[in-house]
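Chemist: According to my numbering, the stretch in the sequence shown is residues 616 to 871, in order. Got a structure for you, written out below as structure tokens; questions coming shortly.
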Amino acid sequence: MDLDTFFTKLYCFFDDWCKREMTDPMKRHAGPALQMSDSEVLTVAIAGQWRAGAPWRSERGVVRFMLQKGRSWFPRMHKRSQFNRRVRHLWAAFVCLQQELAQLLSSSAAYEVVDCAPAPHCSLGQAISHDRHWLFGKKGRGGNHGGWYYGEQLLLCASENGVVTGWMLGLANIDDRWLMEAFVSSRRGCKCLTEPELPKRRQIVETVSARLTDYFELQRVNAHSELGMLTRIAAKMAAYNIAILFNRMVDDEMAR
């Protein structure tokens, strides 16, 4: 899919979704007119989560790309600091979007599986060189190699078909069983699922975690605040589910 088609599909999706679902949550007090619409901000923010097949390698990179080469798509593109403020303001929209897509894409799933993945804030050297780092994190170990890192851990919940259905952030040194208990207890009224065989459960959630790492750089969030950390994780979860939605749409078009 070329960039022009990608941005057109993404913007149309967000524009329709915001008008349908987010009219009340996005209401603002009286003030100057916005330079970019919420739909445009969400489009660029979600696009910036891609790290493979895109001409940028970071959220800073996507803003720079839009300012230099993307004026035909977003003629009123913000500069980086203003754009980041707008994205953080819309953090709840990413959560709502991820949840809605999860219901749409995994409504027929027979079960869900969970796993924990590292969400580092910085290197251990950077953490040691500061008495108090600028993010509230802890030293822990985990991931495929079981190494030490400084930051938080992400409890990731996925359906049998690889859709992200839920997530929770916790400090890196928290026992993942406690994190799991907090996650499950927050889902009051959730029906029990029939447990499949253990190897298959592990395989799908590890695949989801690997894709989030490879294509969306889950383990290189590099946020500068707690709200920024939450916003970027939420954006990555929403972007991942949007990628699944778009892939299914392409498959349906090719099957016709």
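C-beta: ideal position from N, C-alpha, C; glycine also. None of these values were measured; they are calculated from a predicted model.
1) Exposed or buried, what is Ile859 when buried is set at 16 or more other beta-carbons lying within 10 Å of its beta-carbon?
2) Looking only at its own chain, which residues have a Cβ that is under 7 Å from the Cβ of Arg703, when we skip the five neighbours before and after it?
3) Taking 7 Å as the limit between beta carbons, can you name the residues of its chain near Asn856, skipping five residues before and five after?
4) Would DSSP call Ser696 helix, strand or coil?
5) Compute the beta-carbon to beta-carbon distance between Gly755 and Asn788, rounded to the nearest angstrom, for a pair I have assumed lies under 8 Å.
6) Between the stretch 788-803 and the stretch 679-693, do at least 3 Cβ pairs fall closer than 8 Å?
7) Tell whether a beta-carbon distance below 9 Å holds between Glu821 and Glu775.
8) Just reading off the beta strand (DSSP E) that Ala767 is part of, what are its end residues?
9) With Trp782 as the anchor, note down where its beta strand (DSSP E) starts and where it stops.
10) Sorted by chain position, which residues of the same chain lie with C-beta nearer than 6 Å to Ile848's C-beta, five sequence neighbours on each side aside?
11) Measure the Cβ-Cβ separation of Cys772 and Trp763 and say whether it is below 9 Å.
12) Determine the burial state of Ser687: buried for a count of at least 16 other Cβ atoms within 10 Å of its Cβ, exposed for fewer.
13) Distance, Cα to Cα, Val677 vs Leu784?
14) Give the straight-line distance between the Cα atoms of Pro640 and Cys711, rounded to the nearest whole angstrom.
15) Who are the near neighbours of Thr828 in its chain, counting only those whose CB is closer than 6 Å to its CB and skipping five residues on each side?
16) Since Pro733 and Gln697 should fall inside the 8 Å C-beta cutoff, what is the C-beta to C-beta distance between them, to a whole number of angstroms?
17) Nearest-angstrom Cα distance between Ala870 and Met864?
18) Name the residue from Gly663, Leu657, Gln818, Ala669 whose alpha carbon lies nearest to the alpha carbon of Leu618.
Modeler: Here's the rundown:
1) buried
2) Leu842, Gly843, Thr846
3) Gln713, Leu716, Ala717, Leu720, Val778, Val779
4) helix
5) 5 Å
6) no
7) no
8) For the sequence presented, residue 767 should be read as Glu rather than Ala. Segment 762-774, the beta strand (DSSP E) holding Glu767.
9) 779-786
10) none
11) no
12) exposed
13) 25 Å
14) Its pLDDT being 49, under 50, Pro640 is placed unreliably by the model, and the measurement read from it follows with that caveat. About 10 Å.
15) Gln834
16) At roughly 31 Å, the Cβ-Cβ gap does not stay under 8 Å, so Pro733 and Gln697 are not in contact.
17) 10 Å
18) Ala669
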